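Peer 1: Those letters in the sequence shown? Residues -40 to -1, 1 to 540, per mature numbering (1 follows the signal peptide of the UniProt record, and there is no 0), in order.
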Amino acid sequence: MTSKRYFWKGPMKHSRIAAAASAAIVVAMTAALAGSTASAAPGPAAVATADDPVTHAENEHVPEGGAWTQQYFPSSDGSKTELHADVLLPEGLPEGQKVPVILSAGPYFGHSGQEDVEDRKHTGPSDRFTDFIDGAHLFDRGYAFVMVDVRGFGGSTGCLDFTGPGEQADVKAAINWAANQPWSTGSVGMYGKSYDAITGLMGNNLKQDALKAVVAQEPMWDPYRNIRSNGVPRSTIVNVSNTYNKIAGLPQLPDDDARYRANAEYEKAHPECLVQNMLGYQTASPDSRYWKDRDLAEHAKGTDTPLLFTQGLLEWNVEPEAIQEYLDNHQGPERGWLGPWDHVRGNDRVADGRPAMGRDGWFDETMSFYDQYLKGTTPPVRYPAYAVQDNTGAWREQDTWPGAAQPGTVALPGGSYVDDGGAGTNPAGGSFFRWSEPVKKPARITATPRISLDAKGYGNVMTKLYDVAPDGTAVLFDEQVSTLKPGKTAFDLKSTDWTLAAGHSLAVEIGTIPPAAGDWIDTPSGERITVSGAQLRLAVGNPADDKPTAGNRAPYLDTYLTAYTSKLPIGSPAFTVPGQ
């Protein structure tokens, strides 16, 4: 699905990787090293220290009902990396009373702003999750909230190390530090969205006894697959590292304490950190130590931390890749919201007030989850293990995901295309289609489709799945790309949950990667690729078995349908959808 890049990824012309990387290193280093102090003037607000808490009455950036202190502690890898934490305890917590801790670790908690210097008149804790603190009434419920800057960001030292061994050591240190504070019960939960949801998955993988629950909204389940698609690089190889190099170099505020400001300028004395971060993303092989260390789905094997997550199945940012592998490897309790939304939080609302995911109650369910696993409280309300919305807009509940879907493999007749990147050098077109028989009853294509190709020629390939109505109106609902070489190539598409209405067909397109495909940095071979046979593995569910649950249509679904609906010619049926 063509990407609209607002967070992780940004638009980039298809160009040579080396040239783009060189330019991006210069930009990142310039941004990170230009200036040491944000321009905001100090305000009269109080600044917390380790032993002198500050309340909302003393500093407007402190959430109401909370008391803010700043703490420093070492990472767990012996690297002398010093980590900074903003700690928010319930205001007036009696000495000796202990509370469970909700922890978020990531790059966005710098006092001057999350992704850029914001209009802050004075320092104070980040407002990244004030919506959660206030919306969940966190302090009234008797919880602490701790925000830890992972290495290279905010008030922490060290070279940034996206999901790598260094950052994993930071997460481990943060969990154990939070568990061992005098005001902590020793029970820690993690909370986040996007990057700081990824650190939650990392926390689970680290198998720390103190970590009792993880809430992860729209995480990335395997960084390699988000940055390279089966060997085909995405613009993220430059854009992501460039973004986080910039965040690592953000100037902090004049009224921050001296220790915080000194730590924040770590990159000025160590510019090699920015270069190393950039070069890491350029690593091509999934079998390299760089990516093996960061394979979150693989590292989830045998883990059992209770997990509550959300995943937009039409995500344009951290796409639903490796999610099923991670969940299959994870052995602990699981709860999830899955559906046709984009990169949003469980509590987000669109302009007219509708829930962005189509479902209310995110904070209530989240706190019930934390109460159960951090406090041992029996939930007063039964929540479904999985609440899933498909493209019809209807919500259903089920015990697992993908649930009782029928697996099947269909054979697709071969064809050929010229891998010209959509340049039009092939008179017969840059792709070929294969259509199914119209389904006789609604068929839900769920889980993670996988295609296997037996091909001649070198180049790249793109596979797309369409939901095609009898009049040829078609919706693209899944896609993936890969490098090809002679012989067999197999790869997963993105995970999906899409229902074909009765009378609709499934169309499979196989061909070159066109410019409009999105953010892949495609280097077409110009060769004719001949596919002598292909097999598509599907899991197909029966909507008649659905058990409805509360929720409305996600607003983004209609935006998506408008953008990805087209007309296709109707071809002769070549296969039957499993279960039909």
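Ideal placement from N, C-alpha and C gives every residue a C-beta, glycine not left out. Predicted model, so just to flag it, every value in this text is computed and none were measured.
1) When DSSP labels each residue in this structure, what does residue 377 get in the three-state scheme?
2) Is residue 532 helix, strand or coil by DSSP?
3) Specify, as a first and last residue, the run of the beta strand (DSSP E) that residue 294 falls within.
4) Using only the alpha-carbon positions, how far apart do residue 250 and residue 196 sit?
5) Whether or not the segment 372 to 379 and the segment 479 to 493 are in contact is what I'm after, with contact meaning three or more pairs of Cβ atoms, one per stretch, closer than 8 angstroms; do they touch?
6) Which one of 35, 59, 82 has the shortest CA to CA distance from residue 129?
7) Whose CA, out of 32, 362, 134, 146, lies closest to the CA of residue 223?
8) So what does DSSP say about residue 90, is it helix, strand or coil?
9) Our contact map puts residue 449 next to residue 498 with C-beta atoms below 8 angstroms; I'd like the distance itself, whole angstroms only.
10) Residue range of the beta strand (DSSP E) that residue 32 falls in?
11) Please specify which runs of the alpha helix (DSSP H), each continuous and at least 4 residues long, are wholly inside the segment 148 to 224, giving them in chain order.
12) Where residue 153 and residue 304 are concerned, what is the direct C-alpha to C-alpha distance, given to the nearest angstrom?
13) With a cut-off of 8 angstroms, do at least 3 Cβ pairs link the segment 432 to 452 to the segment 512 to 529?
14) Whole angstroms is fine: what's the gap from residue 309's alpha carbon to residue 320's?
15) Which runs of the alpha helix (DSSP H), 4 residues or longer, sit entirely within the segment 314 to 378?
16) Touching or not, the segment 163 to 176 and the segment 258 to 273, by the rule of three or more beta carbon pairs under 8 angstroms?
17) So what's residue 575 in DSSP terms, helix, strand or just coil?
18) Measure the C-alpha to C-alpha separation of residue 139 and residue 335 and round it to an integer number of angstroms.
19) Among the residues of its own chain, which have a CB less than 8 angstroms from the CB of residue -5, if the five just before and after it don't count?
20) Does the Cβ of residue 461 lie closer than 7 angstroms to at least one heavy atom of the ligand GDP?
21) Based on DSSP bridge pairs, tell me the residues matched to residue 527.
22) What is the DSSP secondary structure of residue 103, reduced to helix, strand or coil?
23) Would you tell me roughly how many angstroms separate the C-alpha atoms of residue 507 and residue 458, rounded to the nearest one?
24) If you measure between the beta carbons of residue 322 and residue 346, is that distance less than 8 angstroms?
25) Can you look up residue 494 in the DSSP assignment and give me helix, strand or coil?
26) Compute the distance between the beta-carbons of residue 511 and residue 349, then report whether it is under 8 angstroms.
27) The beta strand (DSSP E) with residue 448 in it runs from where to where?
28) Using CA coordinates, which residue listed in 354, 157, 273, 181 is at the minimum distance from residue 513?
29) State yes or no: is the C-beta of residue 380 within less than 8 angstroms of the C-beta of residue 525?
30) Taking the alpha-carbon positions, what's the residue 316 to residue 447 distance?
31) Can at least three beta-carbon pairs, one atom from the segment 178 to 190 and one from the segment 202 to 217, be found at a separation below 8 angstroms?
32) Below 8 angstroms between beta carbons: does that hold for residue 371 and residue 236?
33) Please go through the same chain and pick out, in chain order, the residues whose beta-carbon is closer than 6 angstroms to the beta-carbon of residue 531, but skip the five residues on each side of it.
34) Using CA atoms only, rank isn't needed, just tell me which of 165, 161, 258, 169 is closest to residue 146.
35) Does DSSP put residue 428 in a helix, a strand or coil?
36) Going by DSSP in three states, residue 400 sits in which element: helix, strand or coil?
Peer 2: The short version:
1) Here residue 377 is taken as the residue at index 417 of the sequence shown, counted from 1. Reduced to three states, the DSSP call for residue 377 is strand.
2) Indexing the sequence shown from 1 puts residue 532 at position 572. It is coil, neither helix nor strand.
3) For the purposes of this step, residue 294 is identified with residue 334 of the sequence shown, where counting begins at 1. Where residue 294 is concerned, the enclosing beta strand (DSSP E) stretches over 294 to 299.
4) Counting from 1 along the sequence shown, the entry for residue 250 is found at position 290. Counting from 1 along the sequence shown, the entry for residue 196 is found at position 236. Going by the C-alpha atoms only, they are around 16 angstroms apart.
5) yes
6) Against the sequence shown, residue 129 aligns to sequence position 169. That would be 35, whose Cα lies nearest to the Cα of residue 129.
7) One-based indexing of the sequence shown puts residue 223 at position 263. Residue 223 has its Cα closest to that of 32, out of 32, 362, 134, 146.
8) If you number the sequence shown from 1, residue 90 lands on position 130. The answer is helix: DSSP assigns residue 90 an H, G or I state.
9) For this step, residue 449 is matched to residue 489 along the sequence shown. For this step, residue 498 is matched to residue 538 along the sequence shown. Rounded, the Cβ-Cβ distance is 18 angstroms, inconsistent with contact.
10) Locating residue 32 in the sequence shown gives position 72, where the first residue counts as 1. 26 to 34 is the extent of the beta strand (DSSP E) around residue 32.
11) 155 to 165, 183 to 187, 196 to 208, 218 to 224
12) Taking the first residue of the sequence shown as 1, we reach residue 153 at position 193. Taking the first residue of the sequence shown as 1, we reach residue 304 at position 344. Between residue 153 and residue 304, the C-alpha separation is close to 8 angstroms.
13) yes
14) On the sequence shown, residue 309 is found 349 positions in, with the first residue counted as 1. On the sequence shown, residue 320 is found 360 positions in, with the first residue counted as 1. Those two C-alpha atoms are separated by around 10 angstroms.
15) 322 to 330
16) yes
17) It is not possible to answer for residue 575, since the shown part of the chain is limited to -40 through 540.
18) Taking the first residue of the sequence shown as 1, we reach residue 139 at position 179. Taking the first residue of the sequence shown as 1, we reach residue 335 at position 375. Rounded to whole angstroms, residue 139 to residue 335 spans 14 angstroms at the Cα level.
19) The residue you call residue -5 lines up with position 36 of the sequence shown. The pLDDT assigned to residue -5 is 40, lower than 50, so where the model puts this residue is not dependable; a value taken from the coordinates is nonetheless given after this. Closer than 8 angstroms at the Cβ level, and outside the excluded window around residue -5, lie 211, 221, 225, 228.
20) What this structure holds is no ligand at all, so the ligand GDP is not there to describe.
21) Residue numbering aside, residue 527 sits at position 567 when the sequence shown is read from its first letter. For residue 527, which the question treats as bridged, DSSP gives the partners 433.
22) As a position in the sequence shown, residue 103 is number 143, starting the count at 1. The answer is coil: DSSP assigns residue 103 none of H, G, I, E or B.
23) What you label residue 507 is simply residue 547 of the sequence shown in a count that begins at 1. What you label residue 458 is simply residue 498 of the sequence shown in a count that begins at 1. If you take the alpha carbons of residue 507 and residue 458, they lie about 16 angstroms apart.
24) What you label residue 322 is simply residue 362 of the sequence shown in a count that begins at 1. What you label residue 346 is simply residue 386 of the sequence shown in a count that begins at 1. Result no, Cβ atoms of residue 322 and residue 346 do not sit closer than 8 angstroms.
25) Position 534 of the sequence shown, counted from the first residue, corresponds to residue 494. Correct three-state label for residue 494: strand.
26) Position 551 of the sequence shown, counted from the first residue, corresponds to residue 511. Position 389 of the sequence shown, counted from the first residue, corresponds to residue 349. Yes.
27) If you number the sequence shown from 1, residue 448 lands on position 488. Note, residue 448: beta strand (DSSP E), 447 to 452.
28) On the sequence shown, residue 513 is found 553 positions in, with the first residue counted as 1. If we check each option's Cα against that of residue 513, 354 comes out closest.
29) Along the sequence shown, read from residue 1 onward, the residue named residue 380 stands at position 420. Along the sequence shown, read from residue 1 onward, the residue named residue 525 stands at position 565. For residue 380 and residue 525, no; Cβs fall outside 8 angstroms.
30) Looking up residue 316 in the sequence shown gives position 356. Looking up residue 447 in the sequence shown gives position 487. When rounded, the distance between both Cα atoms is 44 angstroms.
31) no
32) Along the sequence shown, read from residue 1 onward, the residue named residue 371 stands at position 411. Along the sequence shown, read from residue 1 onward, the residue named residue 236 stands at position 276. No, these two residues do not count as a Cβ contact at 8 angstroms.
33) One-based indexing of the sequence shown puts residue 531 at position 571. Here the set comprises 393, 395.
34) As a position in the sequence shown, residue 146 is number 186, starting the count at 1. Nearest option by C-alpha distance: 169.
35) By 1-based counting over the sequence shown, the position of residue 428 is 468. Three-state result, residue 428: strand.
36) As a working mapping, residue 400 is identified with position 440 in the sequence shown. Looking at residue 400 - three-state DSSP - the assignment turns out to be coil, as it is neither helix nor strand.
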